[in-house]
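Step one of this worksheet: look at the structure below.
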Amino acid sequence: SSLCHNQTHRAVEILVVNNNSKDKTEDLIKACGVNYVLETTQGITPARNCGLAKARGKYILNADADTIYPKDWIEEMIKPLANSDKVAITYGIFSLIPTASTGRVTYYFYEWFAELSRFYNTKFKSQAVNVYGFNSGFRKEQGLQVDSFNHPPGTNEDGYLALKLTGKGFGKMHRVSGSNAIVWTTDRRIQIDGGLWKGTWKRFKRLFNF
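The sequence shown begins at 24 in our numbering and counts up one residue at a time.
Put into structure tokens, the structure is as follows:
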């Protein structure tokens with residue numbers, strides 16, 4: 024619903040991909056009156072590919088259902104793409120919404136660590152590691168030209184798309200870092216990794232390759 028409250032002068036299409044939800048997601052989508060499609064092949068990559076193929080706009084912004092978007096998010100994410108053909112993909116930063124016992128104060132310090140890791144990735148590894156599918160944008164035509172979100176085993180669909188777009192010569196990755204573009208997302212990815220401490224340790228090992 025936060026996307027519906029965004030403020031922009033641009034025409035916006037909100038397209039929801041229902042990836043075999045077992046709850047009341049489809050009923051809620053219909054009640055809201057937004058466009059939606061059903062993708063029966065389970066998985067994040069088929070779902071994102073479906074949305075990309077069905078969307079009608081020039082620009083594609085990726086958003087997830089468990090994330091809250093500020094009112095200027097659409098405008099802030101599209102502006103760099105609209106203003107420069109040297110930008111291939113935009114990505115933003117985020118804060119975490121606790122769903123378990125970890126409090127916001129603890130996550131505040133975790134987010135500082137995450138910011139340091141993003142700096143390290145940009146300087147010494149690949150900026151693409153910082154690109155997350157729930158907070159990024161690109162041009163539809165260019166996304167289709169690089170085989171959409173498809174990616175090889177051992178990689179992620181979001182960062183790999185960024186590598187394909189830049190590798191094709193469509194431009195650079197652009198970080199949107201303004202405070203009015205910070206999104207809030209649940210900590211489910213950390214919980215899937217075993218909680219804060221196990222999740223942090225896994226990310227630390229990936230960061231320094233050990």
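Every residue gets a Cβ at the ideal spot worked out from N, C-alpha and C, and that includes glycine.
Going by beta-carbon coordinates alone, are residue i and residue j separated by less than 9 Å?
i           : j           : result
residue 129 : residue 209 : no
residue 46  : residue 203 : no
residue 35  : residue 80  : yes
residue 161 : residue 83  : yes
residue 116 : residue 144 : no
residue 58  : residue 49  : no
residue 97  : residue 207 : no
residue 136 : residue 75  : no
residue 78  : residue 187 : no
residue 92  : residue 200 : no
residue 213 : residue 118 : no
residue 67  : residue 156 : yes
residue 60  : residue 114 : no
Would you give the residue range spanned by the alpha helix (DSSP H) that residue i belongs to?
i           : result
residue 128 : 127 to 147
residue 204 : No alpha helix (DSSP H) contains residue 204, which DSSP labels as neither H nor E.
residue 50  : 48 to 55
residue 65  : No alpha helix (DSSP H) contains residue 65, which DSSP labels as neither H nor E.
For residue i, count neighbouring C-beta atoms within 10 Å of its own C-beta (all shown protein chains included) and say buried if the count is 16 or more, exposed if not.
i           : result
residue 99  : buried
residue 124 : exposed
residue 64  : exposed
residue 88  : exposed
residue 72  : buried
residue 85  : buried
residue 166 : buried
residue 215 : exposed
residue 70  : buried
residue 139 : exposed
residue 219 : buried
residue 168 : exposed
residue 150 : buried
Between which two residues does the beta strand (DSSP E) harbouring residue i extend?
i           : result
residue 58  : 58 to 61
residue 195 : 195 to 199
residue 41  : 38 to 41
residue 115 : 110 to 115
What three-state label does DSSP hand residue i in the structure shown?
i           : result
residue 120 : strand
residue 92  : coil
residue 31  : coil
residue 79  : coil
residue 166 : helix
residue 25  : helix
residue 178 : coil
residue 153 : helix
residue 160 : strand
residue 173 : coil
Could you tell me whether the stretch 195 to 208 touches the stretch 93 to 111, where touching means 3 or more Cβ pairs closer than 8 Å? Two segments are said to touch when three or more pairs of C-beta atoms, one from each, lie closer than 8 Å; by this definition the stretch 195 to 208 touches the stretch 93 to 111.
Is the stretch 95 to 106 in contact with the stretch 171 to 178, if contact means three or more CB pairs nearer than 8 Å? Too few Cβ pairs lie closer than 8 Å, so no.
Does the pairing of the stretch 182 to 190 with the stretch 129 to 143 give three or more beta-carbon distances under 8 Å? The stretch 182 to 190, when compared against the stretch 129 to 143, does not touch it at the 8 Å Cβ threshold.
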